[in-house]
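Numbering (my numbering), first residue to last: 1248 to 1376.
Think of the CB as a built atom: it goes at the ideal place given N, C-alpha and C, for glycine as much as any other residue.
Every value quoted in this text rests on a predicted model; they were computed, and no experiment measured them.
Accompanying notes for the structure given below.
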């Protein structure tokens, strides 16, 4: 069961980034080939969740009010354009994540027809230096 942790959003985002970095470093190979199917499924679910986060943050940025959630802009801004631009860019990011999710889903489907080895595979040492 997922709990709503609004007070911990920044911490959760940091933990997600750390875990994503760990996964990025660990997927240069997949020791148990059959795990690749499950990795793709989890990756798609994560991308779908990130799409939702971007859409929600975009909607939040679109709805904030000067004088309530923020007090104007610094010298680089020219009024409310920072919030409007952030909302638009988050919507663009969400659309890109939706496209990524579809591509991962296609890879997941294609991966599913392969008869992967269910046990760890030992690869001979590389002769490349």
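Cutoff 6 Å; reference residue 1348; Cβ partners in own chain excluding five residues on either side: Counted from its first residue, the chain shown places residue 1348 at position 101. Here the set comprises 1291, 1294 and 1295.
Per-residue DSSP class, three states only, for residue 1321: Indexing the chain shown from 1 puts residue 1321 at position 74. Three-state DSSP puts residue 1321 in coil, outside helix and strand.
Nonlocal neighbours in the same chain, by C-beta distance under 6 Å from residue 1363, ignoring five residues either side: Walking along the chain shown from the start, residue 1363 turns up at place 116. Correct list, in chain order: 1280 and 1281.
Counterpart residues of residue 1313 in DSSP-defined beta bridges: Numbered from its first residue, the chain shown carries residue 1313 at position 66. Residue 1313 pairs with 1317.
Residue 1378 burial status per 10 Å Cβ neighbour count (16 or more: buried): The first residue shown for the chain is 1248 and the last is 1376, placing residue 1378 beyond what the model contains.
Sufficient close CB pairs (3 or more, under 8 Å) joining the stretch 1340-1357 to the stretch 1253-1267: no
Residue 1275 - DSSP class collapsed to helix/strand/coil: As a first step, residue 1275 is located in the chain shown; it is residue number 28 there, counting from the start. Residue 1275: coil per DSSP, three-state reduction.
Endpoints, alpha helix (DSSP H) assigned at residue 1329: Here the question's residue 1329 lines up with position 82 in the chain shown. Start and end: 1328-1358.
Beta-carbon proximity of residue 1340 to residue 1301, cut-off 8 Å: What you label residue 1340 is simply residue 93 of the chain shown in a count that begins at 1. What you label residue 1301 is simply residue 54 of the chain shown in a count that begins at 1. Cβ atoms of residue 1340 and residue 1301: closer than 8 Å.
Buried versus exposed, by CB contacts within 10 Å (16 or more), residue 1377: Outside the displayed span of the chain (1248 to 1376) sits residue 1377, for which this structure offers no information.
Residue 1355 versus residue 1287: straight-line alpha-carbon distance, rounded: Here residue 1355 is taken as the residue at index 108 of the chain shown, counted from 1. Here residue 1287 is taken as the residue at index 40 of the chain shown, counted from 1. Between residue 1355 and residue 1287, the C-alpha separation is close to 6 Å.
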